[in-house]
Structure formats: C-alpha cells, structure tokens
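Asker:
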Amino acid sequence: MAGVTWGSNTVHSIGANPAPASNFGFGSTTASPSPATGGSLFGTPAPSYSTGAFGAAAQPQQQSQQQYVPQQQIPAQAAMQAKRIRNKLEKLYRVYTGTHVVPEDGEASAKFCAIVYNDLTPEQLQERMIHGMTTGYAQHQGSSYSQSYNNIFRPPRPTQITGRDWEKALVENPDPNKYVPIPIVGAVALQARVANQQSRSIEYAKNAANLQEHLEFIRGREAVARQDLIEKDRQYAHLKGRLLEVMKKVEVARCLNQPLQLDEHRALQRLTRLLNHIEQLRGAFLELQNQAKTQIVSGKSGAGGTSTNADNSSDLLGVNKNELLSVLTEQRRKLEIMTDTAKMDIRDVELIGRRVVASFPH
Numbered sequence: 023m024a025g026v027t028w029g030s031n032t033v034h035s036i037g038a039n040p041a042p043a044s045n046f047g048f049g050s051t052t053a054s055p056s057p058a059t060g061g062s063l064f065g066t067p068a069p070s071y072s073t074g075a076f077g078a079a080a081q082p083q084q085q086s087q088q089q090y091v092p093q094q095q096i097p098a099q100a101a102m103q104a105k106r107i108r109n110k111l112e113k114l115y116r117v118y119t120g121t122h123v124v125p126e127d128g129e130a131s132a133k134f135c136a137i138v139y140n141d142l143t144p145e146q147l148q149e150r151m152i153h154g155m156t157t158g159y160a161q162h163q164g165s166s167y168s169q170s171y172n173n174i175f176r177p178p179r180p181t182q183i184t185g186r187d188w189e190k191a192l193v194e195n196p197d198p199n200k201y202v203p204i205p206i207v208g209a210v211a212l213q214a215r216v217a218n219q220q221s222r223s224i225e226y227a228k229n230a231a232n233l234q235e236h237l238e239f240i241r242g243r244e245a246v247a248r249q250d251l252i253e254k255d256r257q258y259a260h261l262k263g264r265l266l267e268v269m270k271k272v273e274v275a276r277c278l279n280q281p282l283q284l285d286e287h288r289a290l291q292r293l294t295r296l297l298n299h300i301e302q303l304r305g306a307f308l309e310l311q312n313q314a315k316t317q318i319v320s321g322k323s324g325a326g327g328t329s330t331n332a333d334n335s336s337d338l339l340g341v342n343k344n345e346l347l348s349v350l351t352e353q354r355r356k357l358e359i360m361t362d363t364a365k366m367d368i369r370d371v372e373l374i375g376r377r378v379v380a381s382f383p384h
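As numbered in this note's numbering, residues 23 to 384 make up the sequence shown, in order.
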C-alpha cells in the first residue's frame, strides 16, 4: 500500500490504488490519469492540467499582441486624415483668396470667381484711339478687321479662369469698343465690387433726386409761363380789339372829311419826334457798325505783321487785342440786332404816319 507525502506527514490511502505521479515540466503536457477505481482521501482524484505553468500564460499574451497591432496603426491613419483635411483647407483658402491657379485646359474655373464687364479706362481708350490713328483704320469697320483689332487688344486670361470660360466671356462681350471682361476673384474683390456698386448707386440716387428737383422747378416755371402766355393772349386780344376800334374811327373820320382834333395833332407831333429820334439812333448805329468793321479789319491786318509790331501794338489802351476783338465782335452783333429792331420800329412809325396823314382832309 503506497502513501502520499503531505507536508511532513504521510497519508495512506484506504482501499484504493495510488494516484500516478504527475510530471511537472516547462510547457510539457502530461497524460490524462486513468479514473480511480476507488475513492481517495478526498473522494475524487485531482484533475490534471494539459499544460504546464508557462503554457497556461501563453494564450493571454498572444491576444494582447493581436490587440496591440491596430493600436499602432491608429496614429498613422489619423495623421493621413489630418493631412488630407489640411490639404483641402489650404485649397479652399487659395480658392477663397483668389490665389488658386487653374490650367487653361481645365474642366472648370475656380470657385468664388465671376466675370463682369467694366467700362474701358481712359488709358485704354486713348491707346485704341492712337492705334486707329497710326494704322489709318477706325474702330468700327468690317468683321475681318474687327477680329484682328480685338486680337490686338485682347485682355490676358486670368489664372483662375479656364480658357473655355474666358473665350465665352470674350465672345459674349456686348461691345468690345466700350467694355472689357474683368474677373472678380475672392470675397475681398466681391466686397470691393459691392461697395463700389453701392457708392455708385448712392451717387445715382443723388443725381436722380437733383433731376427730380430740377424737373419740379421746370414744371413750376412752365406752369407760370403758361399762365403768362394765357394772360398775354388775353391782353393781345384786348389790344387788337382796341386797335381795330381806333382804325375804324380813323377810317370813319377820313371818309367824313372831319378835321383833326387838338389831341390828334399832339399825337402826330409826338410820333414825328419819335420818328426823328429813331432816325438819329439809326445813323449812330450805322456809324458804330462801320467803326467796328474798321477795327476788325485793322486787327486782322495787324495780326499778319511782324512780331515786333505785334508786341508794340498788343497793349492798346491796356487791353489785349484778342480780348478787344472778341468784345468788338460781340458789340457788332448786338448793334446789328439793334439796327434790325430800329428798322422795324421805323417801318411801324412810317405806317402809322401814313395812316395819320391820310386822315387829314384835302
């Protein structure tokens, strides 16, 4: 009968076969014990393990290694994702600020970009005018010359616009001789454009308000002038009626061979004095007109002389010849108007005198 050592004591099995000794090794497996035919000290034999002490700890270590591999890949994936996001943000910033470059044969132009048509600057207009003067061709001619003309002054393609979109903008230009396509790139340019449009709209609104005020003023003046015309028409009709009454009385008196009254003699004398005064004014106007003609002729002849004579005679009476000539020309024009008016007055006075003389009894 065999026994099992338990500490310093030896326990003997009672009525059972001894359990086989278990081999304890580094990861080695042991054979499964045969079931006992009888009960041991504790009733059942202790179960045997298939692995040793280090073999039992190997399975959790492999699981931790399998979990550690993806944890090493997470920082690399995050870095790649951050790089892609950074590239997209940089591209968006370039597009937003207008520094993004699009190839000429690209599929689409840059975002935040639009094309408008501005008026040609004075420098561009002067350049085109000088080109037309040097080449001897005007801007508005046939299609062949117009095409070559536009090719000469063709604006360069912006780097944010594709060649196809730029060609479309050039073709859709309403008037190449007045407008030029200009790109608006980025929010800053758009804000400047909007601010310019707002300032111009405010200026146009002020001009419209001024025009409205002037229009109201002109309408008021037109209403007053219309009322004056109505009043003048009424006065003209009244004077015309009175004149017809006077002419009727004169004709009746002439037909009846009645002598003139004292007031009629006074009116005739007054008309005669006015006629003489008009004749005197007429002579004075003719004399002034002749003097003006003489001065103009002398001024023209003096202008063709030598420079020494011009310098000596250019300061007559402290006035420049050119200024004096313009004043005399204007004076001559006014004298001609006054002469024509005097002639019309003389004609009217002569007609009135004839009527009055015809009314005297023979």
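We treat Cβ as the ideally placed atom computed from N, Cα and C, and that holds for glycine.
Computed from a predicted model, the values in this text were never measured in an experiment.
What's the C-alpha gap between Arg179 and Gly128?
Answerer: 13 Å
Asker: Quick check on Ile206: does DSSP put it in helix, strand or coil?
Answerer: strand
Asker: Between Gln302, Arg369, Ile318, Trp188, which has its C-alpha nearest Asn344's C-alpha?
Answerer: Per the C-alpha coordinates, the member of Gln302, Arg369, Ile318, Trp188 positioned closest to Asn344 is Ile318.
Asker: Check the C-beta distance from Thr184 over to Ser131 and give it rounded, since I have them as a contact under 8 Å.
Answerer: Thr184 to Ser131, Cβ: 5 Å. Contact.
Asker: In terms of residue numbering, what span does the beta strand (DSSP E) encompassing Asp187 cover?
Answerer: Element bounds for Asp187: not the beta strand (DSSP E) but the alpha helix (DSSP H), 185-193.
Asker: Can you tell me whether Ile174 is buried or exposed? The criterion is at least 16 other CB atoms within 10 Å of its CB, across all chains shown.
Answerer: Flag for Ile174 reads exposed.
Asker: Quick check: Ile359 and Arg304, are their CB atoms within less than 8 Å of each other?
Answerer: No, Cβ-Cβ distance for Ile359 and Arg304 is not below 8 Å.
Asker: List the residues that DSSP assigns as beta-bridge partners of Ala136.
Answerer: Ile206
Asker: If we call anything under 8 Å between Cβ atoms a contact, is Ala314 one with Leu357?
Answerer: The Cβ atoms of Ala314 and Leu357 lie closer than 8 Å to each other.
Asker: Could you tell me whether the Cβ atoms of Ile240 and Asn140 are closer together than 8 Å?
Answerer: no
Asker: In the structure shown, what three-state DSSP assignment does Asp197 receive?
Answerer: Of the three classes helix, strand and coil, the one that applies to Asp197 here is coil, per DSSP.
Asker: Have a look at Ile300 and Glu267 and give me their C-alpha separation to the nearest angstrom.
Answerer: 27 Å
Asker: Tell me, please, whether the stretch 209-228 touches the stretch 140-153 by the rule of three or more beta-carbon pairs shorter than 8 Å.
Answerer: no
Asker: Just confirm the distance between the C-beta atoms of Ile374 and Leu293, as a whole number of angstroms; I'd bet it's less than 8 Å.
Answerer: 6 Å
Asker: According to the neighbour-count rule (16 or more other Cβ atoms, all chains shown, within 10 Å of its Cβ), is Ile224 buried or exposed?
Answerer: exposed
Asker: If distances are taken between C-alpha atoms only, which option among Lys228, Asp370, Ile252 comes closest to Leu296?
Answerer: Asp370
Asker: Count the other CB atoms within 10 Å of the CB of Met366; is the residue buried (16 or more) or exposed (fewer)?
Answerer: exposed
Asker: Which residue's Cα is closest to the Cα of Arg377: Gln249, Leu282, Asp187, Val272?
Answerer: Taking Arg377 as reference, the option from Gln249, Leu282, Asp187, Val272 with the minimal CA-CA separation is Val272.
Asker: Nearest CA to the CA of Thr351: which residue from Leu282, Asn312, Asp362?
Answerer: By alpha-carbon distance to Thr351, the top candidate from Leu282, Asn312, Asp362 is Asn312.
Asker: Straight-line CA distance for Gln99 to Lys105?
Answerer: 10 Å
Asker: So, are the CB atoms of Val123 and Ile206 less than 8 Å apart?
Answerer: no
Asker: Looking only at its own chain, which residues have a Cβ that is under 8 Å from the Cβ of Tyr201, when we skip the five neighbours before and after it?
Answerer: Tyr139, Asn140, Asp141, Leu142, Asn195
Asker: So which of Gly242, Met269, Arg355, Pro125 has the shortest CA-CA distance to Arg186?
Answerer: Pro125
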